[in-house]
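Here's the structure we're looking at; comments come further down.
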Amino acid sequence: MTTKARLLAVTLDCAEPKKLAEFYHEITGWDVQYAEDEYAAVGDGTTSIYFGRVPERRPAAWPGPDKQFHLDFRVPDVEKAVEEYIALGAVKPEFQPGITEEGVGWVVMQDPEGHLFCVCPERS
Numbered sequence: 507m508t509t510k511a512r513l514l515a516v517t518l519d520c521a522e523p524k525k526l527a528e529f530y531h532e533i534t535g536w537d538v539q540y541a542e543d544e545y546a547a548v549g550d551g552t553t554s555i556y557f558g559r560v561p562e563r564r565p566a567a568w569p570g571p572d573k574q575f576h577l578d579f580r581v582p583d584v585e586k587a588v589e590e591y592i593a594l595g596a597v598k599p600e601f602q603p604g605i606t607e608e609g610v611g612w613v614v615m616q617d618p619e620g621h622l623f624c625v626c627p628e629r630s
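So this is what it looks like as C-alpha cells:
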C-alpha cells in the first residue's frame with residue numbers, strides 16, 4: 507500500500523512575497539503566518555500558501571501553453587468578489603472560458619504578480 511500524503515502547502519515564486527501574502531490574506535481571510543522580504547506565508551492552520559522571492563520570475567501568458575497551475579477559490583458572490591479582488595490589485599483577463607451565454611460558471615483572475623486563480627461560485 508502506498509503511503510498517503512496530505513497537502514501541507516503550495517509555494518508560489520514571486521518578486522514580492524510580503525505583498526503577495528497580504529493580497530492572499532485579504533481574499534482568503536487566512537492569517538499571515540510569516541512575512542519577510544525573501545519568504546512569506548498565509549494559512550488556515552491546516553493548509554498554507556507560501557511565497558518565495560524569485561525576482562526574475564515572469565508570469566505565464568493567459569491563455570497560453572506556459573500555464574502550469576492555478577488556484578481555485580469558492581465565494582458566495584462571484585461578481586462582488588471579482589470587483590473586490592480587482593480593487594486589491596488583481597486583474598481580470600479578457601479571455602474567460604467560464605463565462606458563457608448561460609451565465610458565469612467561474613471567473614479567471616490574475617493576482618498582482620500574474621499567478622492565475624479562479625473565482626468559483628459555492629455549490630448548493
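The working numbering numbers the first residue of the sequence shown as 507 and each following residue consecutively.
For each residue, glycine too, the CB sits at the ideal point set by N, CA and C.
Quick caveat, the model's predicted, so the values are computed rather than measured.
Identity of the residue in the options nearest residue i by Cα
i, options, result
"tyrosine 591", "Gly620, Lys525, Met615, Val548", "Met615"
"aspartate 572", "Val538, Arg563, Arg580, Glu522", "Arg563"
"glutamate 585", "Asp578, Pro569, Gly611, Trp568", "Gly611"
Backbone secondary structure at residue i - three-state DSSP
i, result
"phenylalanine 601", "coil"
"proline 627", "strand"
Backbone CA spacing between residue i and residue j [nearest angstrom]
i, j, result
"alanine 546", "cysteine 520", "10 Å"
"alanine 587", "valine 625", "8 Å"
"threonine 606", "proline 561", "37 Å"
"glycine 558", "alanine 567", "21 Å"
Bridge partner(s) assigned by DSSP for residue i
i, result
"glutamine 616", "Val597, Leu622"
"glycine 555", "Here the sequence assigns isoleucine to residue 555, which means glycine is not the residue at that position. In DSSP, isoleucine 555 forms a bridge with Val516, Val548."
Sequence-distant residues of the same chain with beta carbon closer than 7 Å to residue i, five excluded per side
i, result
"aspartate 688", "Any answer about residue 688 is impossible in this case: the structure gives the chain only from 507 up to 630."
Sequence-distant residues of its chain with Cβ nearer than 6 Å to residue i (five each side left out)
i, result
"lysine 524", "Ala541, Ala546"
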